[in-house]
Structure formats: C-alpha cells, structure tokens
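Engineer:
Structure, rendered in structure tokens:
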C-alpha cells in the first residue's frame with residue numbers, strides 16, 4: 001500500500017497523518033507529545049519501552065524507539081517503532097496486519113523491521 005505522510009506541529013504536539021493513496025478509510029493519524037514523549041494512536045496512549053532502540057542507516061540516521069501500550073489489553077495494537085524525525089516505522093498487531101512505512105518498497109528491510117517489532 002502506498003501512503004503519503006503529512007507532518008504538522010505546534011509547540012507541544014506533532015501530528016503524523018498517513019494518507020492511503022488508494023483508500024482513505026485506511027488513513028492513520030498519530031500524535032506525539034513532545035513533553036511527555038507519549039504517542040497517541042486512535043484512543044490508545046503508547047510510551048517508550050525499555051527495549052533496545054532499532055537503528056538501520058538504510059532507513060534513517062536516527063534510531064527508532066519501541067513504544068508499547070501505556071495500559072495494555074489483549075487485542076491492543078503494538079508495539080510501534082517510532083522516532084520524532086521520521087515518524088512511525090512499524091506497527092505490530094497480533095490480531096491484524098502489521099504496517100511498515102518505508103520510503104521505498106524493500107522486502108528485506110520490511111522483514112527486518114517486522115522481526116524487530118516482535119523481538
């Protein structure tokens with residue numbers, strides 16, 4: 001699936017809008033609170049986990065932090081790989097499809113990101 005990323009920000013919040021170019025019902029929006037470092041997706045809040053950051057210079061110069069649900073529940077979304085400069089790299093979802101946002105289609109990088117999500 002092809003997405004267009006639109007980033008908007010103010011002093012405290014950065015919004016990342018992923019617009020699906022073929023089906024607007026698949027659009028996704030995330031908000032990042034610069035002060036608390038929390039990520040919000042739909043109604044869920046995500047916080048940085050203690051897991052090692054993921055760095056792959058083919059994707060971005062800065063490392064990605066692994067975010068988990070602040071209040072976990074059985075069929076909750078996550079984990080999420082994110083950094084404020086790039087936005088969301090990957091979303092794990094045990095009850096649905098994973099989402100990987102790469103600048104170009106690359107099967108090997110996609111596999112690497114999925115493996116990182118489920119370490």
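In full-length UniProt numbering, the protein residues as written are 1 to 119. Positions of the beta carbon are idealized from the N, C-alpha and C atoms, including for glycine.
(1) Using C-beta distances below 6 Å, list every residue in its chain close to residue 41, excluding the 5 sequence neighbours before and after it, in chain order.
(2) With distances taken Cα to Cα, identify the nearest neighbour of residue 97 among 19, 77, 13.
(3) Would you be able to state if there are at least three C-beta pairs under 8 Å between the stretch 76-90 and the stretch 99-106?
(4) With a CB to CB cut of under 8 Å and the five nearest residues on each side skipped, what residues in its chain are close to residue 63?
(5) Pick helix, strand or coil for residue 89, following the three-state DSSP scheme.
(6) What are the start and end residues of the alpha helix (DSSP H) that includes residue 110?
(7) Using only the alpha-carbon positions, how far apart do residue 116 and residue 70 sit?
(8) Helix, strand or coil for residue 24 per DSSP?
Structural biologist: If we stick to the structure as given:
(1) Excluding residues within five positions, the ones whose Cβ falls inside 6 Å are 30.
(2) With distances taken between Cα atoms, residue 97 lies closest to 77.
(3) Here the stretch 99-106 lies against the stretch 76-90, with 3 or more beta-carbon pairs under 8 Å apart.
(4) Closer than 8 Å at Cβ, skipping near neighbours: 53, 54, 55, 83.
(5) If DSSP states are grouped into helix, strand and coil, residue 89 belongs with the strands.
(6) Note, residue 110: alpha helix (DSSP H), 107-117.
(7) Residue 116 and residue 70: Cα-Cα distance of roughly 20 Å.
(8) Here residue 24 sits in helix by DSSP.
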